[in-house]
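Undergrad:
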Amino acid sequence: MKKRRKGAYFYVKGFVTGLWRLAVLKFGPMGVEVDINDDSLDRWYVKHNKFDPERNQVRHVFLKAFSNQKAQMKYFVELSDPLEAGKILGTVPKYEHILGGHYAPGYHARIRENRKLNGGVGSSFARFEPIENEGER
1 MKKRRKGAYF YVKGFVTGLW RLAVLKFGPM GVEVDINDDS LDRWYVKHNK
51 FDPERNQVRH VFLKAFSNQK AQMKYFVELS DPLEAGKILG TVPKYEHILG
101 GHYAPGYHAR IRENRKLNGG VGSSFARFEP IENEGER
């Protein structure tokens, strides 16, 4: 088995990659808010896992989607700082938190296609298509 080299090259490569990400977040173009359901766009989303005391469970609520990671991170920090302060003070339940992620273009279409190919294995919702407009029934 060949050992992976740990040398100056890998250190410099990681350092340059980190600097590049920092520069993009600091000086890159600010993104705009986009529709989370538009599967033709590159989407960076922010969601809030809120505690619902009536049902005694945590709910996943999508808040906004952005066109790039810089806008996502800015909104993420705006929401997470007061939430963490509330956790320290005890006004916010400990299981509430802010999450962020990325949906590539065509993500939902690929998921639907995989569910059709697998016959709905792995999810109880996979066999049912979502209702587009309930008023047309």
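No gaps in the numbering here: position 86 of the sequence shown is 86 in this note's numbering, and each next residue is one more. For every residue, glycine included, the Cβ atom is placed at its ideal position computed from N, Cα and C.
(1) Three or more beta-carbon pairs under 8 angstroms between the segment 103 to 118 and the segment 75 to 84, yes or no?
(2) Using only CA atoms, which one of Asp-35, Arg-43, Asn-49 lies nearest to Val-92?
(3) Quick one: what's Tyr-45 bridged to in DSSP?
(4) Need the endpoints of the alpha helix (DSSP H) that Lys-116 sits in, please.
(5) Measure from the alpha carbon of Val-58 to the alpha carbon of each residue in Asp-35, Tyr-95, Val-34, Tyr-45, then state which is nearest.
(6) In the DSSP assignment, what residue or residues form a beta bridge with Phe-51?
(7) Considering only their Cβ atoms, is the gap separating Tyr-45 from Phe-62 smaller than 8 angstroms?
(8) Please report the distance separating the alpha-carbon of Gly-86 from that of Arg-43.
(9) Going by Cα to Cα distance, which pick from Pro-53, Lys-116, Arg-115, Glu-33 is closest to Lys-70?
(10) So which of His-102, Leu-117, Arg-110, Phe-66 has the shortest CA-CA distance to Met-30?
(11) Run through DSSP, which three-state label would Val-34 get?
(12) Going by beta-carbon coordinates alone, are Lys-47 and Leu-99 separated by less than 8 angstroms?
(13) Tell me the rounded alpha-carbon separation between Asn-114 and Asp-52.
TA: Judging by the given coordinates:
(1) Short answer: they don't touch.
(2) Within the sequence shown, numbered from 1, the residue matching residue 92 stands at position 92. Comparing Cα-Cα distances from Val-92 to each of Asp-35, Arg-43, Asn-49, the minimum goes to Asn-49.
(3) Taking the sequence shown and counting its residues from 1, one reaches residue 45 at position 45. Ala-65, Gly-101.
(4) Looking up residue 116 in the sequence shown gives position 116. Where Lys-116 is concerned, the enclosing alpha helix (DSSP H) stretches over 107 to 118.
(5) Numbered from its first residue, the sequence shown carries residue 58 at position 58. Answer by Cα proximity: Tyr-95.
(6) Residue 51 sits at position 51 when you count from the first residue of the sequence shown. According to DSSP, Phe-51 shares a beta bridge with Val-58.
(7) Translated into positions along the sequence shown, residue 62 becomes position 62. Translated into positions along the sequence shown, residue 45 becomes position 45. Contact flag set, yes.
(8) Taking the sequence shown and counting its residues from 1, one reaches residue 86 at position 86. Taking the sequence shown and counting its residues from 1, one reaches residue 43 at position 43. Looking at the two C-alpha atoms, the distance is approximately 29 angstroms.
(9) Within the sequence shown, residue 70 is the residue found at index 70, counting from 1. Looking at the Cα atoms, Glu-33 is the closest of the given residues.
(10) Reading the sequence shown from its first residue, position 30 is the one you call residue 30. Of the listed residues, the one whose Cα sits closest to Met-30 is Phe-66.
(11) Start at 1 with the first residue of the sequence shown, and residue 34 comes out as number 34. Of the three classes helix, strand and coil, the one that applies to Val-34 here is strand, per DSSP.
(12) Counted from its first residue, the sequence shown places residue 47 at position 47. Counted from its first residue, the sequence shown places residue 99 at position 99. Contact: yes.
(13) For the purposes of this step, residue 114 is taken as the residue at position 114 of the sequence shown. For the purposes of this step, residue 52 is taken as the residue at position 52 of the sequence shown. Each residue's Cα considered, the two are about 32 angstroms apart.
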